[in-house]
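Novice:
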Amino acid sequence: MTDEQMQYPIGKFKAPVSYTTEDIRKWTTTIRELPGRLRQAIITLNEKQLDTPYRIGGWTLRQVVHHVADSHMNSLTRFKLALTEENPTIKPYEEADWALLPDYKLPVEPSLKMLEGIHLRWVALLEALTEEQWNRAFVHPESGETIQLKKALALYHWHSKHHLAHVTEAIKKF
12 MTDEQMQYPI
22 GKFKAPVSYT
32 TEDIRKWTTT
42 IRELPGRLRQ
52 AIITLNEKQL
62 DTPYRIGGWT
72 LRQVVHHVAD
82 SHMNSLTRFK
92 LALTEENPTI
102 KPYEEADWAL
112 LPDYKLPVEP
122 SLKMLEGIHL
132 RWVALLEALT
142 EEQWNRAFVH
152 PESGETIQLK
162 KALALYHWHS
172 KHHLAHVTEA
182 IKKF
């Protein structure tokens, strides 16, 4: 496996050209299932394995789990901002710097619990959105792009599968 394949085991994100009700349902299912799938993937890992990078120069599996919790917490907030404000500009964060903070050395259980709660609430929100609400958007200040919620859901469907693949591919090497 090349370094790029290890970095992007399911490929890089490609925004869909169109968004169907079936796509949204499928992507919502990914969000619903991620906490359980991630927990199941790492449940038997020991501390040494959790502190193993998924690739040379990459995050440890522990950092990946904590990152997913932080990222999805931010995403839920972005969805809520888009639903309650007119094209809000969201606050980006330095993911790589967050991964170096002391809480990223904690056991993974607090982040798994966060994911369970965040995803339960996120799915309840997603399943209640109208077509009009799916078209609501936020602005990302770094790119200047206005991102509709349906595109954000597609991105987080990919993000979920992307990081789960980091974990499952790394585990195959143990």
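Residue numbers for the sequence shown follow the numbering used here, so the first one is 12 and each next one is one higher. Glycine included, each C-beta is placed from N, C-alpha and C at the ideal position.
1) Touch check for the segment 29-40 and the segment 97-112: three-plus C-beta pairs under 8 Å?
2) Do PHE149 and ARG89 have their CB atoms nearer than 8 Å?
3) Under 8 Å between the Cβ atoms of LEU49 and LEU175?
4) Could you check whether PRO20 and GLU180 sit closer than 8 Å to each other, using their CB atoms as the reference points?
5) Which runs of the beta strand (DSSP E), 3 residues or longer, sit entirely within the segment 83-160?
6) With distance defined between alpha-carbon atoms, name the residue in ALA80, ILE42, ALA26, HIS168 nearest to ILE158.
7) Can you tell me where the alpha helix (DSSP H) with ASP14 in it begins and where it stops?
8) Would you mind reading off the limits of the alpha helix (DSSP H) that contains ASP34?
9) So what does THR71 bridge to, in DSSP terms?
10) Examine the Cβ distances between the segment 104-113 and the segment 56-63 and report whether three or more of them are shorter than 8 Å.
11) Buried or exposed for LEU112, please, with buried defined as at least 16 other CB atoms from any protein chain shown within 10 angstroms of its CB.
12) Decide if ILE53 is buried, meaning its Cβ has at least 16 other Cβ atoms within 10 Å, or exposed.
13) Does DSSP put LYS172 in a helix, in a strand, or in coil?
14) Leaving out the 5 sequence neighbours to the left and right, which residues in its chain are closer than 7 Å to VAL75 when beta-carbon positions are compared?
15) Which of helix, strand or coil does DSSP assign to VAL28?
16) From LYS183 to GLU138, what does the alpha carbon distance come to, in whole angstroms?
17) How is LYS59 classed by DSSP in three states: helix, strand or coil?
Specialist: The structure says:
1) no
2) Here the question's residue 149 lines up with position 138 in the sequence shown. Here the question's residue 89 lines up with position 78 in the sequence shown. Yes, Cβ-Cβ distance for PHE149 and ARG89 is below 8 Å.
3) Taking the sequence shown and counting its residues from 1, one reaches residue 49 at position 38. Taking the sequence shown and counting its residues from 1, one reaches residue 175 at position 164. Yes, they are a contact pair.
4) To locate residue 180, count along the sequence shown from 1; it is residue 169. To locate residue 20, count along the sequence shown from 1; it is residue 9. The answer is yes: Cβ separation under 8 Å.
5) 148-150, 157-159
6) Against the sequence shown, residue 158 aligns to sequence position 147. Taking only the C-alpha atoms, the option nearest ILE158 is ALA26.
7) For the purposes of this step, residue 14 is identified with residue 3 of the sequence shown, where counting begins at 1. That run of the alpha helix (DSSP H) goes 14-18.
8) In the sequence shown, the residue the question calls residue 34 occupies position 23. ASP34 -> alpha helix (DSSP H) spans 32-53.
9) Position 60 of the sequence shown, counting from 1, holds the residue named residue 71. BP columns for THR71 point to PRO64.
10) no
11) To locate residue 112, count along the sequence shown from 1; it is residue 101. Exposed, by the Cβ-count rule.
12) On the sequence shown, position 42 is the one that residue 53 refers to. It counts as buried.
13) For the purposes of this step, residue 172 is taken as the residue at position 161 of the sequence shown. Of the three classes helix, strand and coil, the one that applies to LYS172 here is helix, per DSSP.
14) Locating residue 75 in the sequence shown gives position 64, where the first residue counts as 1. Cβ within range, chain order: TYR65, HIS174, HIS177, VAL178.
15) Locating residue 28 in the sequence shown gives position 17, where the first residue counts as 1. The answer is coil: DSSP assigns VAL28 none of H, G, I, E or B.
16) As a working note, residue 183 is residue 172 in the sequence shown. As a working note, residue 138 is residue 127 in the sequence shown. LYS183 and GLU138: Cα-Cα distance of roughly 34 Å.
17) In the sequence shown, counting from the first residue as 1, residue 59 sits at position 48. It is helical.
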